[in-house]
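Colleague: My questions will all concern the structure given below.
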Amino acid sequence: MGALAGALSSLLLGLLLTSTPRAHSATPGLVARITDKGLEYAAKEGLLALQSELHKITLPDFTGNFKIKHIGSGHYEFHRLNIHSCELHNSALRPLPGQGLSLTISDSFIRVQGKWKVRKSFLKLQGSFDLRFKGISISVNLLLGSEASGRPTVTTSSCNSQICDVDVDISGDLNWLLNLFHHQIESRFQRVLESKICEMVQQSVISDLQSYLQTMPVTTEIDSFASIDYSLLEAPQAAAQMLDVMFKGEIFNLNQRSPVAFLPPVMSLPEEHSKMVYFAISDYVFNTASLVYHQAGYLNFSVTDDLIPPDFHIRLTTKSVRPFIPRIARLYPNMNLELQGTVVSAPFLAFSPGNMSLTPQMEIKAFVLLPNSLRESVFRLGVATNVSAMLSFNTSKITGFLRPGKVQLELKESKFGVFNVELLEALINYYAVNNLYPKVNEKLVKGFTLPLLKRTQLYDLVLQIHKDFLFLGANVQYTRE
1148 MGALAGALSS LLLGLLLTST PRAHSATPGL VARITDKGLE YAAKEGLLAL QSELHKITLP
1208 DFTGNFKIKH IGSGHYEFHR LNIHSCELHN SALRPLPGQG LSLTISDSFI RVQGKWKVRK
1268 SFLKLQGSFD LRFKGISISV NLLLGSEASG RPTVTTSSCN SQICDVDVDI SGDLNWLLNL
1328 FHHQIESRFQ RVLESKICEM VQQSVISDLQ SYLQTMPVTT EIDSFASIDY SLLEAPQAAA
1388 QMLDVMFKGE IFNLNQRSPV AFLPPVMSLP EEHSKMVYFA ISDYVFNTAS LVYHQAGYLN
1448 FSVTDDLIPP DFHIRLTTKS VRPFIPRIAR LYPNMNLELQ GTVVSAPFLA FSPGNMSLTP
1508 QMEIKAFVLL PNSLRESVFR LGVATNVSAM LSFNTSKITG FLRPGKVQLE LKESKFGVFN
1568 VELLEALINY YAVNNLYPKV NEKLVKGFTL PLLKRTQLYD LVLQIHKDFL FLGANVQYTR
1628 E
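The numbers in the working numbering rise by one with no breaks, and the one at position 288 of the sequence shown is 1435.
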């Protein structure tokens, strides 16, 4: 039942099928929702997979004794049984509130072929038979849970298989003999096949579906020092047309994880059903990323004269800045300067309908590089800028891009009194556009992967920006191995 496992769990993205109630009910950073359209597709894929798996059922040989008036007693045997054809129809996958999912299949057909032998005294007869099971219905309930790590689990809480009609056609020498008690034969075959169908389903859930769910990423590494936590928080919230699952969605430092001082916002998801699956990704996810990179110093920068192109009209030397800071050249003749930019606090991404923006709080400290390799602080600047952000997603991940606004500087502290900072603004704007933002965007374009199971891809993508969260919609394609 590996294909069934893959089809069902991939459609629900592995994430959407999980978790019995937990003691806590934290606010999620990310919510995944599967709609009735997604459940319909999952049922269709599950039907095809189960149809393939049923061909693998091994039916036991049947033996027994008979006693017929005027003929006497004998022994019969049905052997070399195999499922010749299987047609499953009318599948449906529905949420079970507080439990998981219910898969039902009805109006189906299975044909079994094999050989028969009859022995009476020293007489041995043999032939073939054709057995048709019609009006088969299968009902399977999946109980969905999670391990302590937040990884999903699945078990079969119930399985029921019923066969409405059985018809056996026996051919060969003295086939009329076996036809005398064909009702007994049909009834026995029916009971065994009903049991075998559910036995196969239950075993496959344990060995195939559960192992496939283990491919769901609980944490996914972004780079050498950051990872994202995709552990499950609570039970799925099932409704008539959808199933929601809650994830932590926190990006953390791989080397030293610290508690986050702020909580995810409460998200009010739109009532959309045109796509199979939706992801609501709160600003919490992105802002925990900002916190990690800020604490790692990734957003800080340093500008020295050797980083400025030779033809740029401003140099980072005391001689070059003498026109607007005369005293600096007198006190520190023919010396280089260094500008150190620091992000004062982690810049948080703000979502509003149709828009995303950042307003980082930064400052720049200027140092004179002394001959003895020491540095001396000479002035401090405040930095004001607005940054527009763009996010996109593809078949598996979310990526970003920052478009810088104009940098404006304000003199906060100086050893040389008040001076005009416009020329330094030109230098910092040049550096930001050509060095700082490309470095950040190089990181953002790598993005982070969505919590998908193996062999799943998203297509027909849509992205909406709501207050406090992104709303991503997509259809799902499961690729068979």
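All C-beta atoms, glycine included, are put in the ideal place defined by N, C-alpha and C.
Count the other CB atoms within 10 Å of the CB of Glu1200; is the residue buried (16 or more) or exposed (fewer)?
Modeller: Translated into positions along the sequence shown, residue 1200 becomes position 53. Buried, since its Cβ has 16 or more Cβ neighbours within 10 Å.
Colleague: Does the contact criterion of 3 or more C-beta pairs under 8 Å hold for the stretch 1302-1313 versus the stretch 1277-1289?
Modeller: The stretch 1302-1313 is in contact with the stretch 1277-1289.
Colleague: In terms of alpha-carbon separation, which member of Gln1246, Gln1350 and Met1482 lies closest to Leu1197?
Modeller: Taking the sequence shown and counting its residues from 1, one reaches residue 1197 at position 50. That would be Gln1350, whose Cα lies nearest to the Cα of Leu1197.
Colleague: Mark Met1537 as exposed unless 16 or more other C-beta atoms lie within 10 angstroms of its C-beta, in which case mark it buried.
Modeller: Taking the sequence shown and counting its residues from 1, the one referred to as residue 1537 is at position 390. Per the 10 Å Cβ criterion, exposed.
Colleague: With a threshold of 8 Å, are at least 3 pairs of Cβ atoms found where one atom belongs to the stretch 1604-1611 and the other to the stretch 1540-1551?
Modeller: In short, these stretches touch, since the Cβ pair count reaches three.
Colleague: To the nearest angstrom, report how far apart Ile1398 and Phe1433 are at their CA atoms.
Modeller: Your numbering for residue 1398 matches position 251 in the sequence shown. Your numbering for residue 1433 matches position 286 in the sequence shown. One C-alpha to the other measures close to 8 Å.
Colleague: Would you kindly work out how many angstroms separate the C-alpha atoms of Leu1240 and Gly1219, rounded to a whole number?
Modeller: On the sequence shown, residue 1240 is found 93 positions in, with the first residue counted as 1. On the sequence shown, residue 1219 is found 72 positions in, with the first residue counted as 1. Approximately 52 Å between the Cα atoms of the pair.
Colleague: For a quick check, are the C-beta atoms of Val1352 and Thr1303 less than 7 Å apart?
Modeller: Taking the first residue of the sequence shown as position 1, residue 1352 is located at position 205. Taking the first residue of the sequence shown as position 1, residue 1303 is located at position 156. Their beta carbons are under 7 Å apart, which means Val1352 touches Thr1303 by this criterion.
Colleague: Put Phe1495 into one of helix, strand or coil per three-state DSSP.
Modeller: The count along the sequence shown starts at 1 and reaches residue 1495 at position 348. Three-state result, Phe1495: coil.
Colleague: Pick out whichever of Asp1183, Glu1187 and Thr1464 has its Cα sitting closest to the Cα of Val1525.
Modeller: Here the question's residue 1525 lines up with position 378 in the sequence shown. Comparing Cα positions, the closest option is Thr1464.
Colleague: Would you kindly report the start and end of the unbroken beta strand (DSSP E) that includes Phe1433?
Modeller: Position 286 of the sequence shown, counted from the first residue, corresponds to residue 1433. Taken as a continuous stretch (DSSP letters only), Phe1433 belongs to no beta strand (DSSP E), being part of the alpha helix (DSSP H) at Asp1430 to Gln1442.
Colleague: Within this structure, are the beta carbons of Val1424 and Ala1373 separated by less than 7 Å?
Modeller: Within the sequence shown, numbered from 1, the residue matching residue 1424 stands at position 277. Within the sequence shown, numbered from 1, the residue matching residue 1373 stands at position 226. No, they are not a contact pair.
Colleague: Tell me the rounded alpha-carbon separation between Asn1533 and Met1363.
Modeller: To locate residue 1533, count along the sequence shown from 1; it is residue 386. To locate residue 1363, count along the sequence shown from 1; it is residue 216. Going by the C-alpha atoms only, they are around 38 Å apart.
Colleague: Taking all protein chains shown into account, decide if Leu1574 is buried (16 or more other Cβ within 10 angstroms of its Cβ) or exposed.
Modeller: As a first step, residue 1574 must be located in the sequence shown, where it is residue number 427. With 16 or more Cβ atoms within 10 Å of its Cβ, Leu1574 is classed as buried.
Colleague: Taking the Cβ atom as the reference point for each residue, do Ser1437 and Ala1493 lie within a distance shorter than 7 Å?
Modeller: The residue you call residue 1437 lines up with position 290 of the sequence shown. The residue you call residue 1493 lines up with position 346 of the sequence shown. It is a contact, given that the beta carbons lie within the stated cut-off.
Colleague: Just mark Phe1409 as buried or exposed, buried being the case when its beta carbon has 16 or more other beta carbons within 10 Å.
Modeller: As a position in the sequence shown, residue 1409 is number 262, starting the count at 1. Answer is exposed; the Cβ neighbour count stays below 16.
Colleague: Looking only at its own chain, which residues have a Cβ that is under 6 Å from the Cβ of Leu1401, when we skip the five neighbours before and after it?
Modeller: Mapped onto the sequence shown, residue 1401 falls at position 254. Contacts found: Phe1372 and Ser1374.
Colleague: If distances are taken between C-alpha atoms only, which option among Leu1270, Leu1619 and Gln1384 comes closest to Gly1247?
Modeller: In the sequence shown, counting from the first residue as 1, residue 1247 sits at position 100. Considering only alpha carbons, the answer is Gln1384.
Colleague: Given a threshold of 16 other Cβ atoms within 10 Å of its Cβ, counted over all protein chains shown, does Phe1459 qualify as buried or as exposed?
Modeller: Counting from 1 along the sequence shown, the entry for residue 1459 is found at position 312. When all chains shown are included, Phe1459 counts as exposed.
Colleague: Given that a residue counts as buried once 16 or more other Cβ atoms are within 10 Å of its Cβ, and exposed if not, what is Lys1422?
Modeller: Counting from 1 along the sequence shown, the entry for residue 1422 is found at position 275. Lys1422 should be labelled buried.
Colleague: Please specify which runs of the beta strand (DSSP E), each continuous and at least 3 residues long, are wholly inside the stretch 1197-1235, giving them in chain order.
Modeller: Listed in chain order, they are 1209-1215.
Colleague: Check Leu1574 in the structure and name its three-state DSSP category.
Modeller: The count along the sequence shown starts at 1 and reaches residue 1574 at position 427. Leu1574: helix per DSSP, three-state reduction.
Colleague: Classify Phe1616: buried if its beta carbon has 16 or more other beta carbons within 10 angstroms, exposed otherwise.
Modeller: If you number the sequence shown from 1, residue 1616 lands on position 469. Buried, because 16 or more other Cβ atoms sit within 10 Å of the Cβ of Phe1616.
Colleague: Take Phe1563 as the anchor and find which of Thr1367, Ile1472, Ser1467 and Val1392 has the nearest alpha-carbon.
Modeller: Within the sequence shown, numbered from 1, the residue matching residue 1563 stands at position 416. Residue Ile1472 is the option with its Cα nearest to Phe1563.
Colleague: At which residue ranges does the stretch 1498-1585 contain complete alpha helix (DSSP H) runs of 4 or more residues, listed in the order of the chain?
Modeller: Qualifying alpha helix (DSSP H) stretches, in chain order: 1569-1578.
Colleague: In this structure, what does DSSP give as the bridge partners for Thr1465?
Modeller: If you number the sequence shown from 1, residue 1465 lands on position 318. In the DSSP output, where bridge partners are listed per residue, Thr1465 has none listed.
Colleague: Compare the beta carbon distance of Leu1379 and Gly1292 with 7 Å and say whether it is the shorter of the two.
Modeller: For the purposes of this step, residue 1379 is identified with residue 232 of the sequence shown, where counting begins at 1. For the purposes of this step, residue 1292 is identified with residue 145 of the sequence shown, where counting begins at 1. No, these two residues do not count as a Cβ contact at 7 Å.
Colleague: Please classify Ser1157: does DSSP put it in a helix, a strand, or coil?
Modeller: As a position in the sequence shown, residue 1157 is number 10, starting the count at 1. Caution applies to Ser1157, whose pLDDT of 40 falls short of 50 and renders its modelled position unreliable; the value that the coordinates give is listed next. Helix at Ser1157.
Colleague: Going by DSSP in three states, Asn1643 sits in which element: helix, strand or coil?
Modeller: Nothing about residue 1643 can be reported from this structure: the residues present for the chain run from 1148 to 1628 only.
Colleague: Taking the alpha carbon of Ser1520 as the reference point, which residue from Glu1485, Arg1474, Glu1192 and Gln1361 has its own alpha carbon closest?
Modeller: The sequence position of residue 1520 within the sequence shown is 373, counting from 1. Comparing Cα-Cα distances from Ser1520 to each of Glu1485, Arg1474, Glu1192 and Gln1361, the minimum goes to Glu1485.
Colleague: Excluding the five sequence neighbours on either side, which residues of its own chain have a C-beta within less than 6 Å of the C-beta of Val1710, listed in chain order?
Modeller: Only positions 1148 to 1628 of the chain appear in this structure, which leaves residue 1710 out of reach.
Colleague: Distance, Cα to Cα, Thr1603 vs Cys1233?
Modeller: Indexing the sequence shown from 1 puts residue 1603 at position 456. Indexing the sequence shown from 1 puts residue 1233 at position 86. Straight-line Cα distance between these residues: approximately 27 Å.
Colleague: According to DSSP, is Ala1170 part of a helix, a strand, or is it coil?
Modeller: Locating residue 1170 in the sequence shown gives position 23, counting from the first residue. With a pLDDT of 37 at Ala1170, under the threshold of 50, the predicted position of this residue should be treated as unreliable, though the coordinate-derived value follows. Coil.
Colleague: From the DSSP output, read off the bridge partner residues of Phe1399.
Modeller: Looking up residue 1399 in the sequence shown gives position 252. According to DSSP, which records beta bridges pairwise, Phe1399 is partnered with Ser1374.
Colleague: Taking only the alpha-carbon atoms, compute the straight-line gap between Arg1169 and Glu1381 and give it to the nearest angstrom.
Modeller: Within the sequence shown, the letter at position 22 stands for residue 1169. Within the sequence shown, the letter at position 234 stands for residue 1381. Legend: pLDDT at Arg1169 = 39, less than 50; position of this residue unreliable, no value from coordinates given.
Colleague: I'd like the span of the beta strand (DSSP E) that includes Arg1627, first residue to last.
Modeller: Reading the sequence shown from its first residue, position 480 is the one you call residue 1627. From DSSP, Arg1627 is part of no beta strand (DSSP E); its letter is neither H nor E.
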